[in-house]
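Residue numbers (the working numbering): 1 to 174.
Backbone N, C-alpha and C fix where the C-beta goes; we use that ideal spot for every residue, glycine too.
Written below as C-alpha cells is the structure these notes are about.
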Amino acid sequence: MTTTLSVYAMIGALVASLLVSAVQLTRLLPQFAPQIAELRADLRVLFDTAFNLLGSAMNVGSGLVFVLQLVMLMSIDAAYFPTILAAVKQKWALAVEALGNSAKLNRSFMIMTAIFGTIVATLNLARLLILGVPGAGLWALLSFVSGFIAFIGDISESKAMLATQCAKARQGHN
1 MTTTLSVYAM
11 IGALVASLLV
21 SAVQLTRLLP
31 QFAPQIAELR
41 ADLRVLFDTA
51 FNLLGSAMNV
61 GSGLVFVLQL
71 VMLMSIDAAY
81 FPTILAAVKQ
91 KWALAVEALG
101 NSAKLNRSFM
111 IMTAIFGTIV
121 ATLNLARLLI
131 LGVPGAGLWA
141 LLSFVSGFIA
151 FIGDISESKA
161 MLATQCAKAR
171 QGHN
C-alpha cells in the first residue's frame with residue numbers, strides 16, 4: 001500500500017511541476033507579443049497555430065490519463081503478484097528467484113537514476129537562475145525527464161537481465 005501511495009505521490013509531484021512549468025511558460029509569452037501580433041494578420045496561420053496547440057494539449061492529456069491508468073493497474077497487480085509467485089515458486093523456483101533479483105536490480109537502478117536526475121536538474125536550475133534564463137524551472141524539469149529517456153533501452157533489455165539471473169540462480173542450485 002505504501003508503494004502505491006509513493007508512486008501516486010511521485011506522479012502528483014511530476015504533475016505539479018508540469019503545472020508550475022506551464023505557468024512559467026505563460027509568463028514568457030508576453031515577450032513574444034510582436035510575433036503573436038504578426039500572426040493575427042494572417043487568420044489561417046492563427047487558426048493553424050491554435051489547432052496545433054489544442055492537438056498538442058490533447059495529446060499530453062491523453063498520455064497523462066494513459067500513464068495514470070497504467071500506474072493504477074500496475075499497483076493493483078503488484079498487490080497480488082507475491083501471492084502468484086508464492087504459488088508458482090514450488091514448480092519454478094529458479095524463475096521466481098530470477099524475477100525477484102531482476103526486480104531488485106530494476107528498482108535500485110530507477111532509484112539511483114531518479115536521485116541522479118534530481119541532482120542534475122537542481123544544479124541546472126541553480127545555474128539557469130543565476131544566469132537569468134527565462135523559464136528556468138521548465139528547462140530543469142526537461143533535464144530531469146530527459147535523464148530517464150536515455151535509460152528506457154536499458155530497461156527494455158530486461159529479458160537479457162532475466163536470463164542472466166536465471167543462469168546465476170541455476171549455478172547456485174547445482
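Proximal residues to residue i (C-beta, below 8 angstroms), its chain only, five neighbours per side dropped
| i | result |
| --- | --- |
| Ile115 | none |
| Lys159 | Unreliable positioning characterises Lys159 in this predicted model, as indicated by a pLDDT of 48, which lies under 50. A coordinate reading is not provided. |
| Thr2 | none |
| Leu128 | Ala136, Trp139 and Ala140 |
Reduced DSSP secondary structure (H/G/I, E/B, other) of residue i
| i | result |
| --- | --- |
| Gln90 | coil |
| Pro34 | helix |
| Met10 | helix |
| Asp42 | coil |
| Val133 | coil |
7 angstroms Cβ shell around residue i - same chain, five flanking residues per side excluded
| i | result |
| --- | --- |
| Phe148 | Thr113 and Gly117 |
| Leu25 | Gly135 and Leu138 |
| Leu54 | none |
Cβ-Cβ distance between residue i and residue j below 7 angstroms
| i | j | result |
| --- | --- | --- |
| Val96 | Lys89 | yes |
| Leu141 | Ser21 | yes |
| Val71 | Val7 | yes |
Close Cβ partners of residue i (< 6 angstroms) along its chain, the five nearest in sequence each way excluded
| i | result |
| --- | --- |
| Ala121 | Ala140, Ser143 and Phe144 |
| Arg44 | none |
| Asn106 | none |
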